Every structure is written in structure tokens, then in C-alpha cells.
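Below is one structure, written out as C-alpha cells; comments come after it.
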Amino acid sequence: MAEQTPIHMIHAFGQRWQLYRLISRILLALTIAAVVSGIIYMVHGSPWWALPVTVAALLGLLLPARSWRVTENDVIRYFNVTYPELEESAGLLLQPQDNLALLEQLQAAKIRQALTGIHPQPPLRTQLRLSIWAFIAGIMLAAAAFRWGPLPAPHTLKSGRPAKTAAINETRPPEIAAVTITIQPPAYTGKSKRQQQQLGLEVEEGATVFWQLHTNQAAASLSLVFNDSLRLPLQPTDKTATLWEGRTTIARNGFYQLQLGGKLSDLYKISIIKDQPPVITIQTPKPYTTIDYGEPQRVALKLNVTDDYGITGATIQATVASGSGEAVKFKEQPIAFDASFGGARTQYALEKSLNLAALGMEPGGELYFYIQATDNHRQTARSGVYMVVLPDTAQLMNIEGMANSLNLKPEYFRSQRQIIIETEQLIRDKDTLSEKLFKSRSNDLGIDQRLLRLRYGKFLGEETETNIGDERVSDEDHDHQSNDAKDFNNAEKIIDQFSHKHDIAEDATFFDPETKSQLKATLTEMWNAELRLRTFKPQEALPYEYKALRLLKDLQQKSRAYVAKTSVKTPPLKPEKRLTGELDRIITPVTQRGYEQGSAATDQLAYALAVLETLKTGGGASSPNLASDPNAIPGPSGLKILQQAAQQMSRQATANPARYLAALQAMRQLITALEQRQPADAAAITLAAQSIYSLLPAPARLPFAGNLTTGISLSQQYFMNLNQP
Amino acid sequence: MPWIYIIVPSLLLLAFLCWKEVKRPNRRRLAARLLASVIAVASLACIALPLKRAIRQEPPANKPISRITVQPPPGIQAIYWPQQLHAGEPLQLQGRYNNSSANPVQLLLSGFNEHLDSITIPAGQQLPFTLNTRPRHTGRATYLLSAVAQPVQPRKSAQDTLEKAPIPVVVLPLRPLKILILASAPDFENRFLASWLGQHGNMVAMRTAISKNKYSYTFLDTARFQLDHITPALLSAFDLLISDRAALNSTELGSIRTQVAEKGLGLIIKADSSAGGRTFYNQPFPLTAAADKSERAVSLQTASGSAGALQMEAPVYIQPLPGTQALVWDAQQHTMAAAGVYGAGRLVNTTLRNSYTWLLSGNRQVYETIWSLLLQKAARPLPQSIQWHIGTALPRVNMPVQLYLETAMPSPPATVNGAPLSLAQDGTLAFRWQGTYWPTRAGWQAAVAAPGDTSWWYAFEPNDWPAIATLENQGQDSKAAIGPQATAMPLPKIYFVLAFILAAAFLWVEEKMGLTV
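Going down the list, the protein sequences come from chains A and B.
If you're matching positions, the first sequence starts at 0 in numbering that gives the first Met the number 0 and goes up one per residue.
If you're matching positions, the second sequence starts at 0 in numbering that gives the first Met the number 0 and goes up one per residue.
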């Protein structure tokens with residue numbers, strides 16, 4: 000088709016391009032699908048994921064706005080970009096001749112000539128080739144994944160007790176045709192009634208279980224035996240006595256059997272799902288909170304309460320302690336949460352803001368509180384006790400014990416207490432002062448705070464730009480040099496002047512690390528206070544100032560030592576009087592005790608293991624210590640040991656049916672077989688031995704005597720001759 | 000294969016050198032140059048390769064049998080464990096495994112369907128191994144030792160059991176001991192010791208001096224009896240006497256000494272630093288007090304390993320003498336407890352004074368280990384009329400097994416599995432009898448010399464312990480066949496160095512000659 004019109008050519012080109020594009024999209028989608036299904040197969044081992052993945056990949060790549068479509072405009076743009084001889088005018092060819100201006104017509108004619116000369120290759124051919132390669136690679140990857148199969152599942156319980164929790168493969172007595180068990184969970188669970196066909200039970204604590212058993216033929220009696228002790232006779236409900244019913248409430252773990260006539264069935268487990276008490280998680284506040292003076296007297300309480308079935312209530316039990324010394328008073332009050340508890344929801348996120356003033360707390364008072372939650376089974380849980388302390392600042396401010404001491408501090412220091420007093424004064428005067436004066440006084444206080452901080456910082460070996468109370472510094476400040484003639488040759492003075500003097504090294508090591516860390520904490524508070532004062536926020540600075548003062552007071556208290564009273568002086572002993580007392584009246588103490596050997600039961604189990612070993616290896620002995628004919632079944636003593644072991648296992652199975660029920664069943668099967676003088680099943684022996692082994696405690700290391708063959712005259716003669724001088 | 004790393008680069012170097020020589024425009028003496036290159040590279044490679052020269056040495060005896068060198072067989076090459084234990088004793092398996100495969104091998108001790116202990120032998124190594132467990136059964140049981148190949152990639156199907164062998168163990172029930180404790184003052188040490196012993200069924204009688212001629216008596220698991228005077232008849236009822244120096248007065252000492260020396264009564268003395276007179280029980284154990292009296296934690300060790308730490312103040316050490324055996328010592332090898340023999344009896348001297356703190360701190364196992372060791376070292380041995388010994392280490396089916404019987408009985412009637420065993424009396428030791436038995440089936444075998452007293456031993460399958468069987472056979476072969484021995488000597492490297500220098504010198508000189516010509 001050499002003489003095709005340009006429009007036709009463009010159209011055909013566009014279609015071919017679109018086809019390439021479509022094919023490459025489909026191949027890409029299939030590649031992605033193959034790789035993803037291969038990965039899914041390796042992880043999960045199921046090949047059926049391939050179908051939805053393929054469909055999803057195809058839809059995802061082809062559907063969105065039909066992105067694979069190629070319009071004529073795309074073709075024109077491609078031509079214009081790819082072929083310079085078209086002079087960016089390929090678009091003219093598509094427009095009807097009549098619409099074109101003269102110049103455009105001329106250009107169109109020229110372009111038409113040029114177009115016949117080019118053989119356009121659709122773009123994306125390389126992309127097509129690439130996608131074909133990718134497709135092949137993807138298919139190979141998927142094939143490899145399917146060839147080597149899924150990854151092995153991680154071994155969770157590789158060693159240890161592999162068969163302990165193994166499911167009991169339930170075998171019903173042949174007389175039972177059908178079983179329907181209806182379980183009515185207790186009301187607090189909020190669960191509905193359910194039915195099951197198997198006899199093993201897993202029910203909520205307090206659930207009512209209703210058995211309906213169909214027998215093949217009329218049975219004389221049918222009953223359930225719980226834990227080898229309790230019997231529940233079932234009642235026939237039809238005339239042919241083939242449908243039996245019974246009902247009971249399950250309250251503890253264990254197992255049960257069907258008794259049909261005189262015959263007992265296998266054991267079926269009963270395991271209980273216990274109701275858990277609510278769990279309280281307090282997020283804020285911390286277990287011990289101190290609210291300093293100036294901070295808002297509120298505690299934001301935030302907590303989560305969860306339960307497995309439902310929560311019916313939660314309260315805060317708050318106790319406020321006020322007063323000091325012997326005059327401490329306690330006031331208890333429960334505080335309710337705002338949320339309403341319906342008993343249906345299993346999780347509540349609770350919030351409460353405790354207003355300490357409303358609770359009647361005064362400075363020096365303490366608030367203890369805990370959270371109590373109740374679930375719909377009337378089980379309650381309590382959180383730990385949390386404590387909020389409102390310190391008494393009056394205690395800090397008193398100068399008791401310091402009144403007598405001389406104040407040797409230079410006057411340019413203001414004490415932390417003085418700073419606090421002045422800050423409070425400044426806050427009170429705020430309304431009457433001009434803004435400028437207020438700011439300058441706040442700044443002055445900040446400088447005072449800084450000086451105090453630098454002074455304490457010296458004890459930590461901190462270096463400062465200006466050493467307070469250092470003569471050199473004041474000299475520099477006043478910018479005058481003392482040109483005393485007698486100092487003219489004083490080299491030290493000159494060195495002092497030009498050297499950078501570090502703080503005294505002793506200061507840095509004077510305190511023990513604990514004191515230092517507390518001093519550091521004090522300095523941090525001072526820093527914070529200074530920051531607020533310098534930014535003209537004295538109200539915010541106040542808590543930090545109080546904290547700093549409190550820490551300083553603590554430091555002072557620490558340096559005080561407590562000296563205990565010394566003991567009384569005793570008169571000197573008289574050695575001649577010692578041990579000369581009359582002892583006639585003193586009776587001789589005699590202690591006699593027979594320990595009950597708690598290991599008797601353990602010994603039985605230990606012997607049972609040996610009996611089982613004999614059964615397994617066919618060594619043959621009536622008991623582990625007595626010889627008898629080989630290949631025999633254990634005699635009466637061996638059987639008795641096994642029966643006693645079975646009793647102990649039965650006790651364990653009642654407490655933990657999931658773990659020991661299978662072994663107990665195996666043990667009973669074994670004993671029955673032995674009683675009938677039949678060979679025992681090897682698998683049952685292994686199962687029983689394993690469970691007995693796990694029941695036995697690790698033995699204690701005990702002393703024993705060695706052996707010596709007696710009556711050997713040769714040795715005795717040898718010994719006697721050795722002893723002769 | 001390290002030689003491949005030498006050969007391949009050498010060949011590459013040779014190819015490069017030859018190519019350079021051939022491409023050289025001046026083609027004079029090409030053959031000589033190529034030969035020199037080959038010699039240079041070959042000698043360089045020979046310097047690096049560990050070459051050996053076989054030397055034939057004539058055997059000392061003139062038996063012209065050639066010897067085939069054999070690889071040690073893979074698998075368990077040696078194994079030992081005590082086949083008879085007392086209740087509470089740990090079971091320890093020791094052996095050596097040769098893993099010649101490319102995968103690591105796990106040795107697994109299991110019993111009663113439970114994994115008890117395991118150890119992994121890395122690929123291509125031959126290592127000794129130790130596996131431990133504490134048997135809980137009483138009587139006979141077989142544990143299982145299996146060697147499982149561990150693939151590098153954990154895949155279920157690839158786990159391969161290489162070897163599997165039963166580990167038969169007989170656990171004997173304990174016979175309670177009868178212990179008499181004489182103390183000069185009440186203390187925690189004796190109180191805790193007595194109650195621990197009493198709780199585990201041992202009979203304990205204790206006399207503690209509380210004042211002048213006043214005693215306190217304690218009887219655990221026994222009826223009351225007179226303990227005021229220690230008589231020979233009283234002592235003969237006990238296995239063991241635990242006492243201290245101050246509690247033994249001179250009148251009682253004589254009868255105790257006779258009992259120990261002639262009747263085999265065990266005597267444990269709790270020594271203190273006070274130097275007493277030289278008596279028979281403290282003569283072999285001279286004491287020295289430590290120079291450092293401060294309180295510190297002393298880590299104690301026994302022959303079976305580290306036992307535990309004990310807080311001690313002013314410890315007293317026992318000086319080792321010939322004829323005594325150290326039982327407990329500290330990290331500096333100072334003996335804290337030692338045993339010796341006095342006549343027919345055993346003496347144990349200990350300077351541990353506050354071992355009860357182990358019990359208080361819940362460290363029961365250490366307490367039991369140390370005191371079990373001390374008590375059973377001293378205890379009067381249990382009289383036995385018959386003792387069996389199995390002479391073959393690993394008895395096998397259809398192989399002869401040597402059985403030894405120790406008894407004072409004249410011509411003892413012995414049966415194994417019900418079949419009578421003919422015993423031959425030993426020529427020098429009249430109480431020792433020897434017999435050979437061929438087990439016909441694997442498993443437990445019952446040896447009976449007196450009715451009601453069965454000694455159990457185990458016969459293995461013929462294909463159990465294959466590597467040990469191979470080694471045993473090799474050992475027997477090598478005893479018979481001592482042929483000329485070929486030993487390998489490393490070749491001197493100097494020849495190759497000379498050849499290399501000559502070849503390299505030729506190449507260098509040849510180039511210079513080519514320049515001048």
C-alpha cells in the first residue's frame with residue numbers, strides 16, 4: 000500500500016502502535032501477576048491466589064482511563080518529535096484541505112511528500128521487547144517458585160513436648176449413633192447458644208451443657224461419669240429408649256466418660272475458659288507527682304480499662320491526707336467517671352481531671368488514689384496506688400535553724416528565697432507598675448537568679464565568663480588599672496591579669512556524685528527560672544524558683560549527720576563465776592521427728608517408668624528388682640505400680656486435661672490389655688512413659704554408700720598384716 | 000583444596016609470559032626463552048606448594064606385610080557412660096564424634112520421647128562431646144543417642160539420622176544412711192544438715208552439748224535411744240559419724256577409733272582454726288589459716304566442676320599431704336575439704352562452716368552436691384555378698400562377653416537369662432570367678448548368682464556403634480600387621496629457589512644481550 004493517503008497511514012500507524020502498547024501492557028501485567036503469585040505461593044503454599052492476582056494486575060494496568068489507547072494526536076506528536084523533515088507540521092495533514100490557509104496548504108503538500116519518504120517505526124517497540132523478556136523472566140521465577148514448593152513453616156515447637164497437647168482423636172462407642180451437645184454460655188459472656196457434634200468440650204466457666212445422644216438400639220441406661228467420680232444419669236426421652244438427654248453446669252476442668260450399660264467409653268476432655276478480671280492501664284499521671292507552688296492544681300487522669308466480656312463500672316477511690324505530725328486527717332471519697340458503663344463494651348478509654356482544690360487539698364496535703372473496675376461477672380480489679388503531693392512552701396520559707404548563723408555572704412547575692420519573695424512582690428505589683436519598669440525589674444531578678452546559679456555552678460567546677468566576686472573581673476568592669484607602684488614587679492599579678500584562671504580544682508571534686516547530681520538539678524531549675532524572668536514571665540518562673548529552693552533545702556538537710564545514742568556500759572564479766580550455775584533443774588531437750596516421706600508417690604512413678612521399659616523392651620520381670628521368666632507380662636506387683644501411677648495421672652488430668660488426658664487414656668488401655676494378659680500397644684507405652692516422665696520432678700542429689708564385697712578372707716588377711724607394726 | 004589456588008595463577012602467569020615472549024619482535028632464542036619461563040614459573044609454584052617426599056623405612060621386625068593407611072571411620076568413635084547409677088546421680092555421656100561430612104551433625108540424647116540434651120559437631124571436625132541428664136526413673140531404662148545430620152538450609156525432609164544407639168542405664172534405689180552427729184555447740188550448720196538428711200529418709204541422731212554435761216538430743220526418722228555414752232555397739236549401728244574436735248572426749252575417742260580403723264565407720268570432722276592435739280583424725284589434715292581474715296565470696300570447686308560461691312570469713316585451709324584426697328578447693332587451689340583413709344574406715348575433714356547459707360539462699364543444688372560428695376566419701380561401704388562385673392565394654396549379640404563375679408561363696412551357681420554359666424576361678428584371687436556368655440538376642444540380660452539378686456546388663460545389636468566396631472577391628476589388625484612404614488618428609492625448597500634464580504637470570508641477561516646486539 001504505497002499510495003495510501005497520509006491520513007490513512009497515520010491511522011494505520013496509530014492502530015499498530017496501540018496494539019504494541021496493549022500487548023506490552025498485558026505482558027507486564029502477567030509478569031507482575033506471575034512474580035506476585037510465586038511469592039504468595041512460597042509464603043502461604045496456596046497456588047489459588049494466582050487467579051485473583053492476575054485479574055487484579057490486568058485490571059489495574061488496563062482499566063484506568065484506558066491508558067493503552069493511542070489517539071491521532073499522539074501519533075502526530077510522535078511524528079513531529081521523531082522526524083525533523085516533517086517540520087513540526089504533521090498536524091496539518093489531518094485537517095480538511097478547505098480549512099487550511101494558503102501557506103498551510105503549501106506546507107501540507109510539502110509534508111505529504113516528506114511523509115511518503117519515511118517508514119515510521121512505532122515507538123515502544125523496544126518497550127515491547129523488554130516486556131517480552133520481563134515476561135519470560137517472570138514466568139521462569141514463578142515456575143521456580145512452584146517447582147521448589149512453599150517455604151517450610153517456621154518450627155514453633157520443635158523439641159520439648161511434641162505430643163503433649165496433641166488432640167485426642169475421639170472415638171465414640173459404636174452404640175452411639177449421633178451426638179448433639181448444646182452449650183449455653185453464662186449470661187455474663189453475652190454469647191449465644193451453640194451446638195457441636197464432638198464430645199470433647201471447651202466451654203466458658205459456668206456454662207450449661209446439654210447432651211443429646213442417639214443410640215443405635217434401645218439402651219438400658221446411659222450416664223456420664225465426670226473425673227472418675229461424679230455420675231450424671233441421662234434420661235431417655237422417647238419410647239424406644241434411643242434418645243437420651245442430660246444437662247449440667249460446668250465449673251472446672253476435667254474429663255468425662257460415657258457409661259453405656261456397664262461399659263465405659265474413652266475419656267473426653269472438659270476445659271474451661273475462665274473469665275479474666277479487668278485490666279487497668281493508667282497513662283497519666285505518674286505514680287508519684289509533685290505539684291509545685293504556682294502550677295495549676297489539677298491532675299489529668301487518663302487510663303484504659305479492658306476486659307474480655309464487658310465492664311460494668313469503674314471508680315476512682317481517692318484519699319486526701321492533710322495536716323502534719325499527729326494531726327494528720329484522712330478523708331476518703333469515691334469519684335465517678337463521666338462515662339456511663341453499660342456492661343457491653345469490653346474497652347473504655349477514661350479521662351478525668353481531678354481538681355485538687357475541690358477535693359479539699361491544702362499545701363502540704365497528699366492525695367492517694369487508685370482505680371477500681373468491675374466486670375459483668377462481678378470480678379473487680381484494682382490499680383496500684385498513685386500519689387499526688389502538694390508541698391507546703393511555708394516550710395521552705397521558714398528560716399528556723401538558720402537564724403543564729405552569721406550571714407557572711409556578700410550582699411550582691413540574693414538568696415533563692417529572696418528572689419522568690421521579690422518575684423511574688425513583682426507579680427502583685429504588676430498592675431500598678433509601668434510596663435517598662437515591670438520588664439526592667441523582671442530582668443533584674445533574672446540577673447540575680449543568674450548570679451546565684453553561677454555561684455552554685457562553681458561547686459560543680461563550671462567555668463563562667465565572669466567570676467563573681469573576683470577582683471579582676473570588677474577591675475575590668477570599671478575599666479581602671481591599679482597602677483600601684485609596689486605591684487610593678489609583681490609577676491604573679493601580671494600573670495593573673497593575662498591568664499585564664501580556671502576554677503579551683505578542689506571545688507569540682509569536693510562533693511560526692513549524688514550531691515553533685517542534685518546540685519545539677521538545682522542549677523537546671525535556676526536556668527529555667529532565669530529564662531522566664533528574662534522573658535518577663537515572672538508568673539511562669541515561680542514554680543521553677545520553688546523547685547530550686549526545695550532542692551537547695553534538701554541539700555542542706557543532707558549535710559546534717561545523725562548521731563545515735565551510745566549503749567549503756569555493762570559491768571565486767573567475772574570468769575570464775577562462769578559455768579558454775581546449778582543445772583539440776585534444767586531438763587534435757589529431746590527432739591524427735593519422723594519425716595513423712597513425700598517421695599513415696601514419686602517413687603511409685605519412678606518404678607512405673609521401669610515397668611513400662613520392661614514392657615517395651617520385652618526384658619520381662621515381675622518387678623524391676625525381681626527376676627522372672629523373659630517375655631512375660633508384668634506380674635501383679637508391676638501391674639499394681641502401673642495402676643497407682645494411673646491414679647496419679649488421673650489427678651493430673653483432672654487439673655490439666657489438655658496435657659494429660661491422652662496419656663491417661665493410653666495408660667488405662669495398657670492396664671486393661673495387661674489384665675487380660677495381652678501384649679500392650681507400643682505407642683500407648685511411649686505416650687504413657689513420656690507423660691509419667693514429665694510428671695516426675697528432677698531427683699535430688701543424695702549421698703549413698705559404696706559397695707564392698709564381704710567375706711573375702713584374702714583382703715582381711717592383707718589388711719591385718721598391714722596393720723601389724 | 001589450597002593447591003588449586005597456586006596452580007591456576009601459575010598457569011595464567013605462564014601463559015602470559017609465553018605470550019609476551021612469542022610476541023616479542025626480536026625472535027632470537029625463542030625456544031630457550033620459553034623453556035626458561037616454564038622453569039621459572041614451575042619452580043615458583045613448587046616453592047609455594049607443600050611437596051613431600053616419601054621415604055620407605057624398614058620395619059624393626061622383618062615381616063614383609065604392606066600397611067594400608069585407613070581413614071578414621073565417621074561416626075561415634077568412642078563412648079562412655081556409667082551403666083549403673085544411684086538415684087539422683089547425674090548421667091553423663093562422654094565420647095568422641097568424627098564428622099567427615101559437609102553438614103554439621105547434631106548429637107541428641109533423648110529418653111521417654113523427650114529431648115534431654117544435644118550438641119552440634121561442626122562439619123569436617125572430630126571433637127569430643129559430653130551430654131548430661133538426670134535420670135528420673137528407678138530401675139532399668141534405655142535412653143537413645145542419635146546423630147542427626149543438620150542440613151545447611153533447614154528443610155524438614157533433609158534431616159537425616161546417621162546413627163542411633165540405645166543407652167541402657169540401671170538406676171539403683173537409694174539405701175538410707177544412718178548418721179550420728181556429735182556437736183560441741185548448737186549451730187545452724189548441723190541443724191540444717193540433720194533436717195536435710197532427715198527429710199530425705201536418712202536416719203539421723205544428734206547429740207549437742209548445750210552446757211556443762213548437758214546435752215540436747217535430736218532423733219530424726221528413728222526411735223529414741225540412749226546417746227549419753229558412745230559405746231562400740233552404738234557406733235556399729237551407724238554408717239557415719241559427723242563431729243568436731245571439742246565434742247569428742249577422750250573416753251569416747253578410743254571406741255570411735257577402733258570402730259573407724261577396724262569396722263569401717265566413716266568419720267567427718269568439722270575442723271576449726273583452734274589447734275588441737277594430734278589425734279588420729281586430724282593428723283593427716285594439718286590446717287593453715289588464711290592471712291586475709293576479711294569476709295569475701297569464695298568460689299568452690301570439686302572434681303566434677305565448679306560448685307558455687309560461699310561467703311567466708313577467715314577461711315581455714317587444709318594442707319595437702321600424701322595419702323589424702325582434696326574434695327573441695329577454691330580458685331587458688333586451697334583445699335577446704337579432704338578425705339583420707341584410716342584403717343578400714345574413711346576420714347573426711349572439712350573447714351566449711353556456713354554451707355547452710357546455700358539452703359537459705361535457695362541454692363539447694365550446690366548444697367546437695369557438696370554434702371553428698373562429703374558424706375558418700377566417708378560412709379561405711381555397703382556389704383555385698385555378690386558383685387558382677389562385665390568385662391566387655393560394649394557387649395554385642397553373638398559375640399563373647401566376659402563376665403566376672405566377685406564373691407566369697409565357694410563355687411557360686413550363676414545363671415544368665417536362666418541358662419547356667421560355667422565359671423572358672425581366678426588363679427591368684429580366689430574370690431574372683433570368670434565366665435564367657437554369648438548373648439543370642441539384643442536387650443537386657445539378667446545375670447543371677449543368688450536368688451532374688453539380679454544384675455542387669457545390656458547386649459547391643461551387631462550394627463550398633465559401627466565406628467567403634469571398625470576401630471576395634473582396625474586395632475586388632477594393626478597389632479598383627481606391622482609392615483614397612485612410609486613416612487613423608489618435606490622436600491627442601493632450596494632446589495626450586497636455585498632453579499628459579501637461574502631461569503630468571505637467564506631471561507634478564509638475554510634481554511640485555513639482545514639490546515647490545
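Here a beta-carbon is modelled for each residue, glycine too, at the ideal position from N, C-alpha and C.
This one's a predicted model, so the numbers in the text were calculated from it and none came from an experiment.
With distances taken from CA atoms, which of the options is nearest residue i?
i      : options                        : result
B:F284 : B:V297, B:A296, B:K269         : B:K269
B:V347 : B:R431, B:V40, B:A41, B:L264   : B:L264
B:P438 : B:Q401, B:F430, B:F128, B:A289 : B:Q401
A:I742 : A:R230, A:E244, A:L551, A:L554 : In this structure chain A extends from 0 to 724, so residue 742 of chain A is not present and cannot be described.
A:A313 : A:V298, A:R344, A:S321, A:L140 : A:R344
B:R139 : B:L130, B:A86, B:P103, B:K177  : B:A86
A:S130 : A:A600, A:T30, A:D73           : A:T30
B:S410 : B:W432, B:N462, B:I389, B:A290 : B:W432
B:G434 : B:W443, B:R440, B:Q424         : B:Q424
B:L48  : B:A377, B:D463, B:P8           : B:P8
A:T709 : B:A448, B:A407, B:G390, B:A290 : B:A407
B:T453 : B:V415, B:Q149, B:A236         : B:V415
A:K429 : A:K536, A:Y367, A:T53          : A:K536
What first and last residue would you give for the alpha helix (DSSP H) that runs through residue i?
i      : result
B:V396 : It is not in any alpha helix (DSSP H) - B:V396 carries neither H nor E in the DSSP assignment.
A:M648 : 635-654
B:I180 : Here B:I180 belongs to no alpha helix (DSSP H); instead the beta strand (DSSP E) covers 177-182.
B:A306 : Not the alpha helix (DSSP H): B:A306 falls in the beta strand (DSSP E), residues 304-312.
A:Y77  : 71-81
A:R454 : 434-458
A:Y692 : 681-694
A:Q104 : 101-116
A:S714 : 712-722
Identify the residues that DSSP records as bridge partners of residue i: which are they?
i      : result
B:L381 : A:N706
B:P165 : B:L143
A:K351 : A:L300
B:D452 : B:A449
A:Y659 : DSSP output for A:Y659 lists no bridge partner at all.
B:F349 : With the sequence shown as reference, residue 349 of chain B is identified as Thr, and Phe is not the correct amino acid for it. According to DSSP, which records beta bridges pairwise, B:T349 is partnered with B:K269, B:A336.
B:L219 : A:R592, B:V203
B:R431 : B:E405
B:N131 : B:Q91
B:W387 : B:L404
How close, in whole Å, do the beta carbons of residue i and residue j come, if the pair is a contact with beta carbons under 8 Å?
i      : j      : result
A:G199 : A:P185 : So it is not a contact: roughly 20 Å between Cβ atoms.
B:A458 : B:P394 : 5 Å
A:A317 : A:I290 : Not quite, the Cβ-Cβ distance comes to about 15 Å (not below 8 Å), so this is no contact.
A:Y19  : A:L127 : 5 Å
A:I418 : A:Q448 : 6 Å
A:N655 : A:N252 : 7 Å
Provide the residue span of the beta strand (DSSP E) that contains residue i, from first to last.
i      : result
A:Y543 : A:Y543 -> not in any beta strand (DSSP E); alpha helix (DSSP H) instead, spanning 537-557.
B:Q318 : Looking at the DSSP string, B:Q318 is not in any beta strand (DSSP E), and its letter there is neither H nor E.
B:D243 : 239-243
B:G94  : 90-98
A:N488 : Segment: none, A:N488 is in no beta strand (DSSP E) and carries neither H nor E.
B:Q324 : 323-329
B:G74  : 74-79
B:N112 : Unbroken run through B:N112: none, as it is neither H nor E.
**Request:** Please specify which runs of the beta strand (DSSP E), each continuous and at least 3 residues long, are wholly inside the stretch 208-280 of chain A, giving them in chain order.
**Result:** Runs found: 221-225, 229-232, 242-249, 253-259, 267-272.
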